[in-house]
Amino acid sequence: MAEQEPATGCPGGKQRLPAFTWEVRANDRSYHRQFKKKFAFCLSKRKYSGNAIRTAKYNVLTFLPLNLYEQFHRMANVYFVFVILLQTFPEISTLPWYTLLFPLSCLLLIRGLRDLIDDIGRHRSDRSINSRPCEILAGSSFRWQKWRDICVGDIVRLRKDSVVPADLLLLCSSEPSSLCYVETADIDGETNLKFRQALLVTHQELGSEESMAAFDGQVTCEEPNSRLHSFTGTLRWQGRSHGLDSERILLRGCRVRNTALCYGLVLYAGLDSKIMRNSGKIKQKKTKLDHLMDRLVVVIFLLLLGTCLGLAVASGFWARTFQEKHSYLAALYEHTSPAQQAFLNFWGFTILLSIIIPMSMYITLEFIYLVNSCFINWDLEMYYGAKDIPAEARSTSLTDQLGQIEFIFSDKTGTLTQNIMSFKKCCINGTIYGPGTGHENKEPPGLGLSREHPGEQKLDVCDVTLLEAAQRDNDPVLREFLRLLALCHTVMVEDRGDQLVYQAASPDEEALVLAAKNLGYVFLARTQDTITIRELGRTRTYEVLAMLDFNSDRKRMSVLVRDPQGTIRLYTKGADSVILERLQRRGHNESLTERALDRFAEETLRTLCVASREVSEAEFHAWSQRHREAAVLLQDRAQELDRLYEEMEQNLQLLGATAIEDKLQDGVPETIQLLKLGNIKVWVLTGDKQETAMNIGYACRLLTDDMEILEEKEVSEILQAYWESNNNLSGSGDAPCSRRLSQQCPEAPCHKRAIIISGDFLDKMLQTGEVRKEKKGWPWRWLCCDGTETSQDQAGLVEKAFVDLASSCQAVICCRVTPKQKALMVQLVKKHKKAVTLAIGDGANDVNMIKTADIGVGISGLEGLQAVQCSDYALAQFSFLQRLLLVHGRWNYLRICKFLRCFFYKTFAGLLTQVWFAFHSGFTAQPLYEGWFLALYNIFYTAYPVLSVGLLEQQDVSAKKSLEFPELYMVGQQDELFNYRVFGVTLLHGVGTSLISFYITLWAFEDHVGTKAVGDYESFSVTVALSALLSVLMEIVLDTQYWTVLSFVMVTASLLLFCLFSFLTQSIDAFRIAPAIFRFPDASWNALTDPYVLLVVLLSLVVNTLPSLTAHAFRATLGRATTQQKIHLKAKRDPEPSVELRSHIPRGSFCRRSSYAFSHQEGYAGLITRGDSLRARATPGTAPAVSPLCPTGTPAPGRSCCGC
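Numbering (the numbering used here), first residue to last: 890 to 2093.
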């Protein structure tokens, strides 16, 4: 049934109904074109969107302004533009304006090209989707056109296996009763078939293309929204109104299955469709370090302004003192007062010191990000050979954030699982069959079933002993067990000539029917009142007397049949909690079966019990009469039928139990265990049912037996207790909610808790702050819908309380959630925990979540490539996530942090000498260094060593050790390697180095050292520059832990480039050509050929290096242990246990065992017994019934007369 949208009104008030203002007229495009709606200022656009989608961010006109707008959200870019503008004034300029404009242009161009390439990919994807072919009714016939040509009100024709192009009202189909079977894997991740059925009036009246062209019905429904599981509207046609719900709607993205033809009226097109409303917008993602860098740029700029202001004030005082002492130079200053001099010097110093925020750092970072992304692409450990899919870094600017993930939000179907159900084990009459029982070592010929179409798999039935026993056919209990599997189900069958294709309401049912087929009991066909199977080569037809279908309350299904000998038997399968209490007796075999169920549950298999009994003719006739009477009741029909079903399903004989494996992807349990040890919380957000998600939670070790499972009722009680103990939420201060929440249930520590909730619960609590309770009013019942600021603040506090409770638990599973709710959960954690989030999924229903998270990972799975196209990283398997985060993420974070430390250090150490020089140059803005040294210092002289750190500095531990000790990952989560404290230490270190380099040289030159009596400004500048440069290189050498040939080459290249460019820029010939540009002729040669100057440089180097050597020695002997030492100590003290799939603690809970029956939805029993889903069997001499809508007038090819 369709899920009803929760109320969005006030607690206790009336439900706010959606506005029914969306009117759609069939075959009337002109009607829809006349409506407009405002969207910005006085601009308007069409109310009814076309079907073309646009997921790209830019177009030809908007790329340049929008991209520049996004790039100038970075504070560094704004700062650089500000400095460039200052350089355009010759009165204060100390450097040419183009020296900063060129590198800034390069930086903007690199980032712009990267964004452009990404957006071109989106445009290609949009173009591919919008150009898909479809049949649209034009005039009186259907014509092939493109998806983008579809408009609201059009009628489209869909064929088998085609994708639904827009949200459609199903008008009719070629199936009986206008049924249409759809697969919704791209919407909710479920691969089992669902059926939709047209209204009876459209099924009967719209039987030809002419009637379709004449159809003029009008649909009035709710405005476009994101609610996937609900729809309300009415169809008015021929003077009558007909109610519409979600069972009549085909959503965009569904795939038509087992239906030759169907026809639909377009209700919502393009961006108005429900799946597109859930897809979210593309967001500009920035890493945590990016945000920190933006703040540090502001801090550095403020420090720079303070320094410049101080120097400018000092220059004013110095100018006044100088003019008083040297009055004979008054003519030189008659147009400039000391205040004016200070003002001009302030801006001169601002330009001179602007290179303290180096633009080259950002360009180098982009290159490091690119190469680190290539390392991910080239990693053979993340290459999936089975499908030839490598890992792909689709975004190149987020690699360091992979080392800071705190929360992972994962889809279930196709991400944790393989979308494959496998019949793994069974227990028959107390005997267990299957892997692990000692009989599976060999496989007889013919075992297994190869299924060729999507969704099928090779199914290996239990073991040799079971197959041989089935073929001997001398065990009546085994015979009844296999017969039950072939008879007791609602599976549809289609005969494709060379193979039978089964379609089931649940993949579990399909696996059971296939297992029976492999063991010799083949389900062949069904009609409204018969079912035909082949038992070990003999074809037998059973009369179906009644079908007692699954539902969430009964937790079982039964079928009442008459065999060819005339015996009536009841076959029942369901949850052990309901089957075992309905047995006629409980003997030794029943006890063995119960122990087998516990064993299966320990192995996280999906279990159910199967039982049967013989029914006498008299009992059946009496029961059948009452059943017919109950079936036509107008009141309490469901309750009366359930009572009759309960009466029939008594005194059963237990045949055995089955165990089905919902196959996980390889390595999922081990990966989740490692991530949990790395302090990464894994939340599963799925559109599947709660029991199915719980079973997968146990299978992948996200849930364990010693956890306290908090469901919606318990979560509500804890939050209410929290409210009652802190009833003044607004005055609760800054005390963490998580601590108070944990105190509500002191008997269970938070790390042994898990939360399992539904999307409906999330809607009620988080979207409106409303959770209803039957007996007590909710603590946030005061939340009204008046939109006041107070209510919004209180709703935010309720959200925070829930997020704190959820994050204090070790696992969270959200079931039956829509794509928009998945994104909402990610937003809540980002908002209230300020944590770095990662979302991983494989389908279109995961796109919004992937876009919202800080890191989006797409799985190249069975559900298409929608998730991959919107992701930042693409992987073939969930298990590759451990290497992506624990190895590449950690290494990248380590490299980037060390790179930033080294870059800031070298910048401060080499360039802050300008400040100290100002104290000895009359506080003028005269540069200490030659202009070429300033220009090349960050580009050539010191760039390569820090580049090698950013690219190669990784292995404090190996990749193997990173995976063995995931606790090392917590360094990134806690921002230990680069933060305000680390930046402050780096700043002080750089200041110290610059002070030593400058004042040792100044002290030496004041004493007029040197045989050549070197003491001029140029030689002084060269000496300070070389002292600072060598000190910086030595510091980088000492800080490098992982040496390669490339690291050595880059350090050597820096020194060689310094010598080369010094020779070129200080040659006599260059000075003669352009004396204004090359102002230091032979300065380095004159200074560095003097041994005393070399001794001064050596002295500066030694004094600068001693503190670092001392700190390294102190840390090694008395300080904190190194990473390797911590690993060694931990390995000796606490060896890591191996990760196992089996649970060593028996669950012993009926609820835990019966995950299969709990997860099963209501099947097709109603359709089968009514005959809606079955074609009439052709009688001799007559042609089979054919839908009048079939264009060729023949049955669909490959379909049997009794197939569906």
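From the three backbone atoms N, C-alpha and C, an ideal C-beta is built for every residue, glycine too.
Just so it is clear, the structure is predicted and the values come from calculations on it, not from any experiment.
Consult DSSP for residue i and reduce its assignment to one of helix, strand or coil.
i, result
"residue 1132", "strand"
"residue 1455", "coil"
"residue 1027", "strand"
"residue 1143", "coil"
"residue 1991", "helix"
"residue 1602", "helix"
"residue 1551", "strand"
"residue 2065", "With a pLDDT of only 49 at residue 2065, under the threshold of 50, the placement of this residue in the model should not be trusted; the figure read from the coordinates follows. Note: residue 2065 maps to coil in three-state DSSP."
"residue 1434", "strand"
"residue 1116", "coil"
"residue 1018", "helix"
"residue 1886", "helix"
"residue 1090", "helix"
"residue 1075", "helix"
"residue 945", "coil"
"residue 1762", "strand"
"residue 1384", "strand"
"residue 928", "strand"
"residue 1207", "helix"
Please classify residue i as buried or exposed, where buried requires at least 16 other C-beta atoms within 10 Å of its C-beta.
i, result
"residue 1134", "exposed"
"residue 1022", "exposed"
"residue 1892", "exposed"
"residue 1507", "exposed"
"residue 1070", "buried"
"residue 1562", "buried"
"residue 1602", "exposed"
"residue 1721", "buried"
"residue 1927", "exposed"
"residue 1388", "exposed"
"residue 1306", "buried"
"residue 1152", "buried"
"residue 1948", "exposed"
"residue 2094", "Lying outside 890 to 2093, the shown extent of the chain, residue 2094 is not represented and no answer is given."
"residue 1205", "buried"
"residue 1957", "exposed"
"residue 1047", "buried"
"residue 1808", "exposed"
Report the CB separation of residue i from residue j in whole angstroms; it is logged as a contact under 8 Å.
i, j, result
"residue 1838", "residue 1784", "7 Å"
"residue 1057", "residue 972", "Actually they are not in contact, since the Cβ atoms of residue 1057 and residue 972 sit about 58 Å apart, beyond 8 Å."
"residue 1018", "residue 1039", "About 12 Å; that fails the 8 Å criterion."
"residue 1649", "residue 1590", "About 27 Å; that fails the 8 Å criterion."
"residue 1092", "residue 1066", "7 Å"
"residue 1857", "residue 1776", "Actually they are not in contact, since the Cβ atoms of residue 1857 and residue 1776 sit about 10 Å apart, beyond 8 Å."
Which partner residues does residue i have in the DSSP bridge list?
i, result
"residue 1199", "DSSP lists no partner for residue 1199."
"residue 1570", "1296"
"residue 1040", "Answer is none; residue 1040 lacks a bridge partner."
"residue 1701", "1572 and 1644"
"residue 1565", "DSSP lists no partner for residue 1565."
"residue 1270", "For residue 1270, which the question treats as bridged, DSSP gives no partner whatsoever."
"residue 1402", "According to DSSP, which records beta bridges pairwise, residue 1402 is partnered with nothing at all."
"residue 1596", "In the DSSP output, where bridge partners are listed per residue, residue 1596 has none listed."
"residue 1546", "1316 and 1498"
3-residue-minimum beta strand (DSSP E) runs that sit fully inside the region 1044-1069, ordered along the chain:
1044-1048 and 1056-1062
Jot down the residue ranges of each uninterrupted alpha helix (DSSP H) in the region 1144-1194, minimum 4 residues, whole runs only, in chain order.
1163-1166
Runs of 4 residues minimum, wholly inside the region 1703-1736: which ones carry the alpha helix (DSSP H) assignment?
1708-1722
Which ranges does the alpha helix (DSSP H) cover as unbroken runs of at least 4 residues, wholly within the region 1772-1856, from first to last along the chain?
1779-1800, 1802-1807, 1820-1825, 1832-1841 and 1848-1853
In chain order, which alpha helix (DSSP H) runs of at least 4 residues are fully inside the region 1483-1533?
1506-1520
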